[in-house]
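The sequence shown begins at 3 in our numbering and counts up one residue at a time. A virtual CB, placed ideally from N, CA and C, is assigned to each residue, including glycine.
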Amino acid sequence: MGESGQRITGSPVFGFLLATAVSLGIYAVYGFEGWLYRDDAIYLYAGQQFADGVAPYISIFDHKTPLTPILSGLFVSMGRLTGLEDVLAVRAGWWVMSGLAGGFIYLLGRLLFRNALAGLIGAMAFTGFWSFGREAVSGPRAKTPFVLFEVAFLYFAARQRWGWAGFFAALATWVWQPGVVYVLFALLAPLIIHKEDREKRFSGLGYAALGVFIPCLALFGYFLSKGALVALIDGSVVFNLTYLDRPPFDWFEHLMAPVASLFKGYTLMAVPAIMGLLYLLLHGLTVYRHPVHRVQEWSAWMPLLGTLPFVFLWTFLDFQGAADLYPFLPYMAIGMAGLFWKLSEGICSLQGLSGLTPGRVGSAVAVVLALASVLLYHGTSEDGLKAQRVSAEQVAERFPGEEQIASIGLPELLVLTKRQNSNPYGFIIAGIDRKIMAEWPGGISGFIRSMENSGVEAVGIGPTEGEHKDLLFEHLQRSYKKERFGYFDVYVRTKVADKPSDPKTN
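Have a look at this one:
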């Protein structure tokens with residue numbers, strides 16, 4: 003009952019593996035030595051600390067949910083077992099997750115359009131989203147695993163496999179709080195879809211609830227075992243309600259920013275992506291209104307179209323950069339799958355082209371999309387990590403002591419020198435300065451004094467924001483002077499603290 007009227011052919015497992023493997027090959031063209039940015043370094047550092055036994059939020063404070071640093075830590079641990087360096091181990095893990103996301107795009111497109119080639123087209127279109135693909139091998143970006151869990155949820159919800167849908171919805175939420183919409187959908191959808199069948203309705207709800215419960219139990223159990231349950235609640239919930247600070251902005255520019263970012267971060271795919279999104283909406287409406295399709299197919303389309311408005315709203319209201327478009331990408335890729343497959347059928351119906359078949363044209367489209375992605379990543383590949391390693395080595399050679407290096411906005415330095423920060427605030431943005439001022443003994447002054455008393459000789463400095471930013475640097479510059487080490491700005495100790503003391507008593 004699909005758009006083409008054809009049956010699905012071929013093994014879904016083979017198609018999944020093919021789409022995953024091709025996606026991995028395309029992303030690998032960019033290379034694993036890309037520049038390590040602050041946001042990525044936050045999760046890498048938290049992952050290193052997790053591998054050493056320190057829980058997220060205790061190691062470095064962040065106001066997002068904790069699954070990203072935990073995943074990073076698991077990959078760090080696997081890398082250490084196999085002799086793979088920490089950064090490359092985590093990037094290899096993110097690369098695999100990105101490839102798997104392409105595999106699930108294939109499965110979802112195949113299911114919705116009832117055609118394996120449509121699914122493959124969607125997976126190849128997905129590889130063309132440059133900003134996502136670059137982070138697939140040079141992250142770890144937090145929203146990469148979110149996309150994997152998001153599209154896995156959409157696929158299993160479309161198949162009405164409510165246990166797995168709830169499981170992946172919970173994982174998405176533990177990566178990024180807005181994923182809770184998928185949890186709500188997983189719990190409510192069985193009640194709506196199976197409203198005429200009481201047994202299926204409540205069994206579906208039960209399976210979904212079990213799927214949600216399992217990751218939650220595991221995470222709460224971990225944080226409880228580390229004595230960090232309060233830190234989990236504080237970082238993922240309380241901070242966002244009490245201290246989170248967003249700078250003022252112009253509403254028109256803010257609402258236009260996602261569109262501008264789409265064209266900047268996704269280049270030639272921007273226009274097809276927008277067209278695909280429009281096609282997705284129109285085709286979904288057609289399925290809903292068709293008297294036969296409404297019963298047989300609408301339940302498969304409902305997870306995709308039912309969650310899209312929330313993704314749209316959240317993206318435009320809380321947009322901060324190209325990565326905030328990631329949750330949109332599976333929807334766009336599925337829309338492009340249907341659009342390009344429909345165009346393939348249309349081309350074959352033209353007079354004089356009777357020798358062509360939709361399968362041949364669709365295959366050619368998939369190949370062209372894959373080759374275009376290869377050229378895109380090959381043409382933009384970079385190796386900034388090498389220069390960062392050299393800069394970090396300069397700092398480490400001058401300050402060899404284990405506790406001599408700290409970070410305020412430069413967790414990259416901690417990652418590359420494998421040093422542990424003297425406090426949980428390795429970066430200060432979005433209201434973290436307000437938290438320090440309110441909760442740290444002595445406020446900002448006590449915070450800087452505690453670094454002095456801890457023997458910190460070098461403080462890596464990166465982007466720092468907040469209403470107490472000037473006060474922070476005023477106190478920092480009383481004892482530290484800015485120097486440049488390659489690509490890194492580092493404040494170097496110029497005087498010894500008056501007397502060592504416990505910062506909690508200051």
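query	result
Residues that DSSP places opposite GLY462 in a beta bridge	SER409 and VAL492
Limits of the beta strand (DSSP E) - the one that ARG116 falls within	Taken as a continuous stretch (DSSP letters only), ARG116 belongs to no beta strand (DSSP E), as it is neither H nor E.
Contact belief for ARG40 with GLY411 at Cβ below 8 Å, rounded distance in angstroms	7 Å
For TYR482, the first and last residue of its enclosing beta strand (DSSP E)	482 to 487
Euclidean distance between Cα positions of ILE276 and MET338	9 Å
Spatially closest choice to ASN242 from ALA171, LYS66, GLU87 and ILE44, by CA coordinates	LYS66
Burial state of ARG291, where buried means 16 or more other Cβ atoms lie within 10 Å	exposed
Close beta carbons around PHE318, own chain, < 7 Å, minus the five adjacent residues each side	LEU257 and PRO260
Where the alpha helix (DSSP H) through PHE155 begins and ends	145 to 160
Counted within 10 angstroms of its Cβ, other Cβ atoms place ALA91 as buried (16 or more) or exposed	buried
Element boundaries [alpha helix (DSSP H), containing LEU306]	300 to 319
Extent of the continuous alpha helix (DSSP H) run through PHE380	Rather than Phe, the amino acid found at residue 380 in this sequence is His. Here the alpha helix (DSSP H) through HIS380 covers 360 to 382.
Whole-angstrom distance between ASP247 and ALA335, CA atom to CA atom	33 Å
Neighbour-count burial assignment, ARG112, 16 or more Cβ in a 10 Å radius	buried
Cβ neighbour criterion (16 or more within 10 Å) applied to TYR493	buried
For PHE155 and GLY55, the rounded distance between their alpha carbons	30 Å
For PRO1, the nearest candidate out of GLY213, PRO180 and ARG203 (CA to CA)	This structure cannot speak to residue 1, because the chain is shown only from 3 to 508.
Local Cβ density within 10 Å of LYS437, reported as buried at 16 or more and exposed below that	buried
Rounded separation between VAL376 and GLY95 - CA only	20 Å
Spatial distance of PHE115 from LEU46 (CA atoms)	39 Å
Short Cβ contact (7 Å threshold) for ALA167 with ALA174	no
Selection from PHE151, SER100 and ALA120 that minimises the alpha carbon distance to GLY135	SER100
Where ARG93 falls, given that 16 or more other Cβ within 10 Å makes a residue buried	buried
Buried versus exposed call for SER393 [16 or more other C-beta atoms within 10 Å across all chains shown]	buried
Residue from SER227, ILE407 and SER25 with nearest C-alpha to SER456	ILE407
Proximity of GLY428 and ILE72 at Cβ, strictly below 7 Å	no
N-terminal and C-terminal residue of the alpha helix (DSSP H) that SER79 is part of	69 to 84
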